[in-house]
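One line per chain: the protein sequences are A and B, in this order.
Going by the working numbering, the first sequence wraps up at 950, each residue one higher than the last.
Going by the working numbering, the second sequence wraps up at 394, each residue one higher than the last.
Even for Gly, the Cβ is constructed at its ideal location relative to N, Cα and C.
Small disclaimer: the values here were computed from a predicted structure and weren't measured.
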Amino acid sequence: MTDASVPQNVAPPPAEVEDVELYHAHSWLTKYVFCQDAKVIAIQYAGTAITVGVLALVLSWVIRLQLAFPGAIPFIDASVYYQSVTMHGMIMVVYMLTAIFLGGFGNYLIPLMVGARDMVFPYVNMLSYWVYLIATLVLVSSYFVPGGPTGAGWTLYPPQSILTGTPGYDYGIILMLVSLILFIVGFTMGGLNYVVTVLQARTRGMTLMRMPLTVWGIFAAAVMALLAFPGLFVACVMLLLDRTLGTSFFMPSLVELGERKDYVGGSPILFQHLFWFFGHPEVYIVALPAFGIVSDLISVHARKNIFGYRMMVWAIIAIGVLSMVVWGHHMYVSGMDPWFGFFFAVTTLAIAVPTALKVYNWVLTLWHADIHFTTPMLFALGFLVTFVNGGITGLYLGNVIVDVPLSATLFVVAHFHMVMGIAPVLVIFGAIYHWYPKITGRMMDERLGKIHFWITFLGAYAIFFPMHYLGVLGMPRRFYEMGETAFVPASAATLNIVITVIALAVGFAQSIFFYNLFRSLKYGAPAGGNPWRAASLEWQTPETPPGHGNWGAHLPVVYRWPYAYSVPGAPEDYLPQNAPPMSGEHSP
Amino acid sequence: MSIAIVMVLVVAGSILFHVLSPWRATPIASNWGFIDDTMGLTFLVTGAGFVAVILFMAYCLYRFRHEPGRRAAYEPENQKLEAWLGIVTTIAVVILLAPGLLVWGQFITVPKDAMEIEAVGVQWNWSFRLAGVDHQLGSSDVRYIDTTNSLGLSPADPKGQDDLLVTSGELHLPLGKPVKVLLRSIDVLHDFYVPEIRAKMDLVPGIVTNFWFTPTKIGEYEILCAAYCGTGHPQMRGKMIIESEADFEKWQTAQQTFEQSRKSDASRDTRASAQ
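Okay, here's the thing in C-alpha cells:
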C-alpha cells in the first residue's frame with residue numbers, strides 16, 4: 363500500500379498497526395481531573411512539579427539567609443537549616459526536575475512528536491500522575507508532623523539519617539522514604555508508557571532516526587530511569603525497615619550518644635552504592651531531556667538543521683550507557699576500596715567526550731545559521747554557557763585525586779547547581795516559552811520573557827560561579843554556621859552576603875515569569891498553529907491546542923527528518939516533516 | 120546581538136574573577152603538592168576549552184544573527200570535522216586523567232615506614248589514639264565501649280594497654296614523618312578534613328578506613344568534619360599541631376595510656392562509691 367503521488371524511494375512504509383480508538387471523556391471530572399489524555403496529564407505533572415519547585419525555591423532562601431547572616435534570623439536554627447537543605451535538594455532533583463521533564467514534557471511532546479494519538483497505556487499514564495501527586499503530598503505532609511521533615515541531607519546516608527542526632531527522626535524520615543517509594547511506583551508506570559510509546563506508536567515514516575532529539579533525550583532518560591530507580595527503591599525499603607523494624611541492612615553495631623544500639627553487621631557504604639547507582643544516572647535523567655529539548659530550540663530558532671544529528675543520537679546513547687557505570691565518583695573518599703577510584707575516574711572522564719561532542723554540535727549549528735534572538739533561543743544559549751561551565755568543573759570532581767580536596771566543599775555545590783540545576787532550569791523556561799503557543803494557542807510576552815531571561819541567566823551565573831572559589835578555599839558544604847575558622851577569611855562572609863542578595867533577587871524575579879505565564883493565557887497574542895515556523899510534527903496538528911487524539915481523522919505521514927530548515931530549493935526556510943516530498947529531495 | 124557582547128563579557132568577567140579572587144586554596148602543609156598541580160593543570164585545560172567554546176559561540180551569534188534576506192546554510196553533518204573534534208577532546212581528557220591517576224596511585228600506596236595513628240569520630244567531637252612503646256595499636260570494638268572506655272579498646276589485648284589516648288581533640292604530629300591515619304567511627308559517618316593537607320577520608324562505623332600524608336609545615340591546623348553527621352556537624356572540630364620531632368616526643372610522654380586511664384577511672388569510681 364503506497365501513495366501513488368509519492369516517489370517510490372521516499373514513500374513511507376504502510377501502517378503496521380491499525381489506528382486505535384481512545385477513551386473519550388464524558389464528564390467534567392474525567393476530562394479535566396481523572397483524565398487519560400497525555401496532554402492534560404502533562405499539564406497536571408508540570409503544574410504540580412512547578413508548585414513544589416516554588417516551595418523548594420523558598421527553602422533555598424532559608425539556606426541562603428542563614429549562610430549570609432548566621433544566627434540573625436530567629437526562626438532558622440540548625441534543625442530548620444538542615445531540614446531546608448534536605449527538602450530543597452530532594453524536591454528539586456526528584457519531585458521537580460525529574461517530574462517536569464518526563465511527566466511534563468514527556469507526556470506532552472512524545473505522542474505529538476512521533477505522530478501518535480496518545481500514550482499507549484492512557485489509564486496507567488493517568489495513574490502515574492495520581493501516585494506522583496500522593497507521593498508529593500506525603501513529602502510535604504512531613505512539615506505537619508511532630509519533629510518536622512527529615513534533615514538528613516538529600517542523600518539520606520545512614521546511620522545518621524535514622525538516628526536521633528538528625529532532625530525529623532520521629533516521622534520525617536519515614537514520610538520521606540514512603541514518599542520516594544510512591545514516587546518510584548508512579549514514575550515506573552509513566553516511564554513504561556514513554557518507552558513503549560516511542561517504540562510502538564510512531565506514525566508511518568517516523569523512523570527512529572527521524573525522531574526529534576527531544577524525543578530521543580526523553581526516551582533515553584526514561585530507559586535509564588527504569589533501570590536506575592529500582593536501586594533507590596531497594597535502598598528506601600531497606601532503610602525504612604532499619605528505621606521501623608530494627609533490621610540491620612545498612613546499620614553496623616554502634617553507640618549512639620552513649621547508648622549501645624541493637625544494630626549489628628550492616629553496611630553504610632552499601633547504601634551509598636545503591637543510592638548513587640540511582641543518583642548518578644539521575645543527573646542524566648534530568649540532563650538528557652534538556653539536551654534533546656535544547657537541540658530542538660537551537661535548530662528552530664537558528665533556522666538550521668541540528669549539526670551532526672546522527673552523532674547527537676549516538677552521543678545520547680553513549681552518555682546513557684556510560685552514566686550507569688560512574689556512580690562511584692560520588693564515593694571517592696567514602697572508604698570504599700580505593701582501587702575503584704581508577705575505574706570510576708576513567709569511566710567518568712570518558713563521558714566528557716560524547717558530552718563535549720554534543721556541545722560542539724550545538725555551537726556548530728549556529729555556524730552559517732540565521733539566528734533569531736527569541737526568548738526560547740536566549741534561554742537555550744544561556745543553557746550552553748552554564749552547561750559548559752558546570753560541565754568542565756565535573757572534570758575536576760571526576761578525576762579522583764582532584765576530587766579529594768574538593769569533595770564535600772562548596773565547589774561541589776556550585777558544580778552541581780550550575781550543571782544540573784541552572785542549566786536544565788534554563789531549558790525548562792526556554793521550552794515553556796517555545797511550546798506555550800502550542801499548549802494554549804497564545805504567545806507569551808517577548809519583552810517580559812527577555813527581562814526574565816537576563817535576570818535569571820546573569821543572576822544565576824553570578825550566584826554559582828564565585829561559589830566555586832569558596833570551595834577551592836576549602837569551605838565545607840552542609841555547615842549550618844562556619845563559626846570561627848582560622849583558614850576562612852572575613853571576605854568569604856562578604857561574598858556569602860553578595861550571593862544571598864543576588865539569590866533573593868533572582869528568586870523574586872521569577873514572579874515576572876509567572877505573571878507572563880498566567881496573563882498570556884487571556885491576553886497573549888493569538889499564536890496560530892505554527893508561530894515559530896517549525897518543521898517537527900507537533901506544530902502540524904490540525905487544531906491548536908491539539909484536540910483529544912491529536913490528529914483529527916487521519917494520522918500524519920512522515921517523509922523526512924525534523925530538521926529540514928533552509929533546505930536548498932525549498933520555497934520556505936522550513937519543510938514540515940509531513941509535507942509531501944519535493945522532487946529530487948534527499949532529506950534524511 | 121546584545122547577547123553576543125554579554126557572552127564575551129561573561130568570559131572576560133570569569134577570567135578576571137579567577138585572577139583577582141582572594142579566595143584561593145590554603146597554603147599547603149603536606150606532601151600532596153601533586154594534587155594542587157593536577158588541579159592547576161585541570162584549570163588550564165578546561166579554562167581554555169570554556170573560553171574557546173563560548174567565544175566561538177559569541178562570534179557566531181554576532182556574525183550569523185538574523186538580518187533581512189539571510190538564509191542559513193544546509194549541512195546535516197561533517198563527519199571529518201566531528202571525528203577531529205572527538206580526537207582532540209579525547210587527547211585533552213587523557214592529559215587530565217593520566218597525571219590524576221598517577222597521583223591517585225601514590226595516594227593509595229601507604230609508605231611502609233608510616234607512623235600509624237587513629238582518629239575516632241563520635242557525634243560531635245574527635246579523639247585520637249597513638250601506639251605506645253610497642254609501636255602497635257591494640258584492637259577495638261564498639262561492644263567494649265562504656266564510661267571508662269570511651270574508645271572501645273579491647274581490655275584483654277596486651278597491645279592496647281600502652282596505647283596513648285587523646286580525648287582533648289588536639290592531635291600532635293611530628294614534622295616530615297609519613298602518617299597513616301586509621302579512621303574509626305562509633306556512631307555515624309564522619310570525615311577527617313584538614314584543608315591544608317588536602318587529603319581527606321570518611322570514617323565509617325563498622326569498618327576502619329585510612330589515608331596517609333606527610334606533614335611538611337610546622338603550625339596549628341583546624342580539623343573539621345566533612346561528612347554531614349547531624350545537627351552538631353559544624354561544631355565537630357579538632358586541632359592538629361605539627362611540630363618538631365623533639366616537641367612531639369615531649370607531648371607524647373605527657374599523654375595517658377589506656378591502662379592508666381582505666382586505673383584512674385577505677386580509683387575515681389571507688390572514691391565516688393565510698394562517699
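Report yes or no: is there a C-beta of chain A within less than 8 Å of the C-beta of residue i?
i: residue 321 of chain B; result: yes
i: residue 355 of chain B; result: no
i: residue 131 of chain B; result: no
i: residue 276 of chain B; result: no
i: residue 333 of chain B; result: no
i: residue 136 of chain B; result: yes
i: residue 279 of chain B; result: no
i: residue 139 of chain B; result: no
i: residue 370 of chain B; result: no
i: residue 290 of chain B; result: no
i: residue 318 of chain B; result: yes
Could you check where the alpha helix (DSSP H) with residue i kicks off and where it finishes?
i: residue 244 of chain B; result: Careful: residue 244 of chain B lies outside any alpha helix (DSSP H), inside the beta strand (DSSP E) at 244-249.
i: residue 304 of chain B; result: Residue 304 of chain B -> not in any alpha helix (DSSP H); beta strand (DSSP E) instead, spanning 298-304.
i: residue 502 of chain A; result: 484-503
i: residue 320 of chain B; result: No alpha helix (DSSP H) contains residue 320 of chain B, which is instead part of the beta strand (DSSP E) from 319-322.
i: residue 892 of chain A; result: It is not in any alpha helix (DSSP H) - residue 892 of chain A carries neither H nor E in the DSSP assignment.
i: residue 662 of chain A; result: 630-663
i: residue 456 of chain A; result: First-last for residue 456 of chain A: undefined, no H or E at that position.
i: residue 940 of chain A; result: No alpha helix (DSSP H) contains residue 940 of chain A, which DSSP labels as neither H nor E.
i: residue 791 of chain A; result: 785-802
i: residue 149 of chain B; result: No alpha helix (DSSP H) holds residue 149 of chain B; DSSP gives it neither H nor E.
i: residue 201 of chain B; result: 198-226
Does chain B have any CB closer than 8 Å to the CB of residue i?
i: residue 528 of chain A; result: yes
i: residue 666 of chain A; result: yes
i: residue 823 of chain A; result: yes
i: residue 480 of chain A; result: no
i: residue 971 of chain A; result: With chain A running from 363 to 950 in the structure shown, residue 971 of chain A is simply not present.
i: residue 834 of chain A; result: yes
i: residue 365 of chain A; result: Caution is warranted here: a pLDDT of 45 is assigned to residue 365 of chain A, below 50, making its placement in the model unreliable, and the coordinate value is therefore given only provisionally. For residue 365 of chain A, the answer is no, since every Cβ of chain B falls outside 8 Å of its Cβ.
i: residue 947 of chain A; result: no
i: residue 567 of chain A; result: no
i: residue 475 of chain A; result: no
i: residue 688 of chain A; result: no
i: residue 386 of chain A; result: no
i: residue 809 of chain A; result: no
i: residue 380 of chain A; result: no
Quick check on residue i: buried or exposed, where buried means 16 or more other Cβ atoms within 10 Å of its Cβ?
i: residue 837 of chain A; result: buried
i: residue 120 of chain B; result: exposed
i: residue 809 of chain A; result: exposed
i: residue 431 of chain B; result: Nothing can be reported for residue 431 of chain B, as the shown portion of chain B is limited to 120 through 394.
i: residue 367 of chain A; result: Here the model assigns residue 367 of chain A a pLDDT of 47, short of 50, so the residue's position is not dependable, and the following value carries that caveat. Burial call: exposed.
i: residue 245 of chain B; result: buried
i: residue 446 of chain A; result: buried
i: residue 631 of chain A; result: buried
i: residue 382 of chain B; result: exposed
Name, in chain order, the residues that DSSP records as bridge partners for residue i.
i: residue 361 of chain B; result: B:292 and B:338
i: residue 578 of chain A; result: According to DSSP, residue 578 of chain A bridges with nothing at all.
i: residue 838 of chain A; result: A:771
i: residue 344 of chain B; result: B:311
i: residue 259 of chain B; result: B:272
Got a sec, what are the start and stop residues for the beta strand (DSSP E) residue i sits in?
i: residue 238 of chain B; result: 234-241
i: residue 331 of chain B; result: 328-332
i: residue 285 of chain B; result: 283-285
Next item on the list: Determine, using beta-carbon pairs with one atom in the stretch 535-550 of chain A and one in the stretch 559-570 of chain A, whether at least three such pairs fall under 8 Å.
Entry: no
Note to self: Any contact between the stretch 358-369 of chain B and the stretch 335-348 of chain B? By contact I mean 3 or more CB pairs, one from each, below 8 Å.
What the structure shows: yes
Checklist line | Stretch pair the stretch 209-222 of chain B + the stretch 251-264 of chain B: three plus CB contacts closer than 8 Å | finding: no
Margin query: Quick check: the stretch 843-853 of chain A against the stretch 151-161 of chain B, are at least 3 beta-carbon pairs closer than 8 Å?
Written below: no
Notebook entry, point to check: Is the number of C-beta pairs between the stretch 678-686 of chain A and the stretch 483-498 of chain A that are closer than 8 Å three or more?
Noted result: no
Next item on the list: For the stretch 457-464 of chain A and the stretch 394-402 of chain A, state whether three or more C-beta atom pairs, one from each stretch, are separated by less than 8 Å.
Entry: no
Margin query: Would you call the stretch 790-797 of chain A in contact with the stretch 928-942 of chain A, where contact means no fewer than 3 C-beta pairs closer than 8 Å?
Written below: no
Check: Counting pairs of Cβ atoms below 8 Å between the stretch 478-495 of chain A and the stretch 550-562 of chain A, do you hit three or more?
Finding: yes
Notebook entry, point to check: Touch check for the stretch 772-786 of chain A and the stretch 641-650 of chain A: three-plus C-beta pairs under 8 Å?
Noted result: yes
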